[in-house]
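Residues 1 to 257 (full-length UniProt numbering) are what the sequence shown spells out, left to right.
Yeah, the Cβ is synthetic: ideal placement off N, Cα and C, and Gly gets one too.
Worksheet for the structure shown next.
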Amino acid sequence: MIEILNADELARARRTGRLVADILHTAKARAKVGTNLLEIDAWTRQMIEAAGAESCYVDYAPSFGRGPFGHYICTSVNDAVLHGLPHDHALADGDLVTLDLAVKLDGIAADSAISFIVGDTQPADSLALIGATRDALAAGIAAAGPRARLGDISHAVGTVLHGAGYSINGDFGGHGIGSTMHQDPHVPNDGRRGRGYRLKPGLLLAIEPWVMADTDELLIDDDGWTLRSATGCRTAHSEHTVAITEDGVEILTLPST
Numbered sequence: 001m002i003e004i005l006n007a008d009e010l011a012r013a014r015r016t017g018r019l020v021a022d023i024l025h026t027a028k029a030r031a032k033v034g035t036n037l038l039e040i041d042a043w044t045r046q047m048i049e050a051a052g053a054e055s056c057y058v059d060y061a062p063s064f065g066r067g068p069f070g071h072y073i074c075t076s077v078n079d080a081v082l083h084g085l086p087h088d089h090a091l092a093d094g095d096l097v098t099l100d101l102a103v104k105l106d107g108i109a110a111d112s113a114i115s116f117i118v119g120d121t122q123p124a125d126s127l128a129l130i131g132a133t134r135d136a137l138a139a140g141i142a143a144a145g146p147r148a149r150l151g152d153i154s155h156a157v158g159t160v161l162h163g164a165g166y167s168i169n170g171d172f173g174g175h176g177i178g179s180t181m182h183q184d185p186h187v188p189n190d191g192r193r194g195r196g197y198r199l200k201p202g203l204l205l206a207i208e209p210w211v212m213a214d215t216d217e218l219l220i221d222d223d224g225w226t227l228r229s230a231t232g233c234r235t236a237h238s239e240h241t242v243a244i245t246e247d248g249v250e251i252l253t254l255p256s257t
């Protein structure tokens, strides 16, 4: 199902988007060397419940996971890139961390992800990896709008990632979002300009470029959720929820301050 939101629903989506962004950026600011991934999960639960919102993850049990997920945020470290299941692990200096969060507030969901490095050690190759996903996300958003097609977003994202020297895994990408976390259309991270669904005002999309440094192959952990690079290389992931408007595109998952 492709869901088109009305003006009231879009206003609620803005509130959800700000909440998601505020939680992510608060968790990032609090994450230090020695922070346990389970602490991050606990902080997230506290912030979601304090806002009167609900997690999209706790009871999430799709066909590709070993569900339900049972936690409030995805915490992926170094070679983990997607669906990182929080567990008893303390962050070390130089770790590359991705936090991915989806929350529903007042009946509307929003989804966002950020990657960052913990501590004083900031490896240049890891910074480049993160930068490529951010640049690809910006390009994908710039390509969106009420006269664009889905392939325009995918082409823009893929052009940046390929241009930075990374290969692209096509198994997981962005998606529609609204009253539920995952909806049609699927938003691939590579594609052909001018192809696919024509975007309409009121459509919400989660655009999410992610890459692995030297492979496009994934492995799944024994936990049944965490996806890692097949070679053990580092990974990065950037994501925003955006709304297609009458005259362009609006990023919903920006922090309030």
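In terms of CA proximity to THR98, ASP79 leads the group ALA109, ASP79 and ASP106.
Fewer than three Cβ pairs drawn from the region 25-37 and the region 213-229 lie within less than 8 Å of each other, which leaves the two stretches out of contact.
In the displayed model, ASP22 falls within a helix according to three-state DSSP.
Two segments are said to touch when three or more pairs of C-beta atoms, one from each, lie closer than 8 Å; by this definition the region 131-139 touches the region 236-246. In the DSSP assignment, ASP216 falls outside any alpha helix (DSSP H) and carries neither an H nor an E. Taking C-alpha positions only, PRO188 is separated from PHE172 by approximately 7 Å. For THR257, the three-state secondary structure derived from DSSP is coil. CA-to-CA, the gap between VAL77 and LEU129 works out to about 14 Å. Look at GLY174 here: in three-state DSSP terms it is strand. Take the alpha-carbon of TYR72 and the one of LEU204: they are about 22 Å apart. Distance from the CA atom of LEU199 to the CA atom of LEU150, rounded to whole angstroms, is 7 Å. DSSP places THR133 inside the alpha helix (DSSP H), whose first and last residues are 124-143.
Short of 7 Å from the beta carbon of ARG45, and not among the five residues preceding or following it, lie these beta carbons of its own chain, in chain order: TYR72. Looking only at ILE23, LEU38 and ALA138, the smallest Cα-Cα distance to GLY84 is reached by LEU38. Out of ALA90, ALA113, ALA11 and ALA124, the CA that lies nearest to the CA of TRP210 is found in ALA113. Per DSSP, the continuous alpha helix (DSSP H) segment holding THR159 begins and ends at 150-163. Judged by beta-carbon spacing, ILE153 lies beyond the 8 Å limit of ALA164, meaning their Cβ atoms are not closer than that value.
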